[in-house]
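Just so we're aligned, residue 49 is where the sequence shown starts under the numbering used here, counting upward by one.
Below is one structure, written out as C-alpha cells, with a few remarks after it.
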Amino acid sequence: MMRIDKAKKIAQILKKKYKINNIDYAIVAGSGLMDAVVDLEDITIVPYKCLGMPKSRVSGHSGKFIVGTYCGKKIAVVSRVHYYEYGDMSKVRLPYEVLAKLGTKKVILLTASGGINKTFRVGDIMLISDHINFTGQNPLIAIDNLKFISMTNAYDRDMFNRMAKIADENDINVRQGVHIQFLGPSYETNAEIEFAKSIGADSVSMSTVFDCIICNYLGIKVAGIASIVNTFTDNNENLEHSKVLSDAQKTCQRIKVILSELLKE
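Spelled out as C-alpha cells, the structure:
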C-alpha cells in the first residue's frame, strides 16, 4: 500500500502545485536519446528530488519530469530508474505509477541498445515488436494489487504500425525485431549474446522490458524504439558508456521525425 500511496502523493503534488494532469503521451528517453524528444511548448520542469523520487545514477538520464504541449497534446518526458541501480523494484515502478495517476494513455520507450542481429549496424533504429525477459526478475513480484496480466500485445500494434508507416513516408530505414533485457550493470559476454541470438533476440539492453511490463499492468499502451549503439562481433571491443551516449546521438534526429508525426494523433 505504501508504494501506491507514494505515487498518489507525488501525482497530487504535480496536479496541484504544477498543474500537470491528463497526459496524452509519455516519452522515456534512454541513454543519450534526449535529443530525440520533440520540441515542446509551455514547458514545466520538475526535478525528481523535488518530488522525493530517486534519480538515476546513470549519466544520460535527466532525473526530471518535463511536461509540455505538442500539437495540442500534453506530453511528459520522464527518466527511468534501472533495477541494478538500487536493487529495489518499487523505484523502477514509481515513475510509471505516477504517470498512471496522471491519466497517461500511452508511453513510448526509447532505449540505447546493442545489436544482436548480425545485419544491424551502429546508427540503426529498431521498432520493438516484442521482448524477452532474461533477467530472472519481474517488476510485478510482491506488488500490492497482485494480478496476472496478458503480454500477448505487450507493444501496441497500432502504434507499431503507425511508426513503421511514418518511417516509410519519410524515407527512414527502420528495422523491426525482438528486444531482450539482461539485468546489468555488466555488459553481456559473447556467449550470452550468442545465446540471446539463438532464442530470437535482435537487440539488447539493461532496461525496457521491465518498463513495458509495468505499463501493461497499469493499463498504459506501449511503443518501443531501440537505438543501436553497438553491434555483435565474435571479438567485440570493450564497451564504454561514454561511447553508448555518443553513438545514440546518431539516431536522434530520425527518431524525432517518427515521434513528431506519431504524437500528432
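Think of the CB as a built atom: it goes at the ideal place given N, C-alpha and C, for glycine as much as any other residue.
Tell me the DSSP bridge mates of Ala271?
Beta-bridge partners assigned by DSSP to Ala271: Ile156.
Beta-carbon within less than 7 Å of Gly232's beta-carbon, same chain only, minus the 5 sequence neighbours each way: which residues are those?
Short of 7 Å from the beta carbon of Gly232, and not among the five residues preceding or following it, lie these beta carbons of its own chain, in chain order: His130, Tyr132 and Met254.
In this structure, does DSSP put Ile68 in helix, strand or coil?
Ile68: coil per DSSP, three-state reduction.
Rounded to whole angstroms, what is the Cα-Cα separation between Tyr203 and Gly225?
C-alpha separation (whole angstroms): 11 Å.
Beta-ladder partner(s) of His179, from DSSP
Partner(s): His227.
Pull the bridge partners of Asn209 from the DSSP assignment, please.
Paired residues: none, contrary to the question.
Within the continuous beta strand (DSSP E) that includes Phe113, where are the two ends?
Note, Phe113: beta strand (DSSP E), Lys112 to Tyr118.
Is Cys119 buried or exposed, if buried means 16 or more other CB atoms sit within 10 Å of its CB?
Exposed, since its Cβ has fewer than 16 Cβ neighbours within 10 Å.
What's the C-alpha gap between Met137 and Val252?
Their Cα atoms are separated by approximately 20 Å.
Contact defined as beta carbons within less than 8 Å: I believe Leu81 pairs with Cys300. What is the distance between those atoms, to the nearest angstrom?
Confirmed, Cβ separation roughly 6 Å.
What does a CB cutoff of less than 6 Å around Phe168 pick up in its chain, not counting 5 residues either side in sequence?
Setting aside the 5 residues that flank it on each side, Phe168 is surrounded in the same chain by Ile276 and Thr279, each with a C-beta closer than 6 Å to its C-beta; the list follows chain order.
Note the first and the last residue of the continuous alpha helix (DSSP H) segment covering Tyr235.
Tyr235 -> no alpha helix (DSSP H), and no H or E assigned at all.
When the Cα atoms are used, what is the spatial distance from Asp178 to Val106?
C-alpha separation (whole angstroms): 25 Å.
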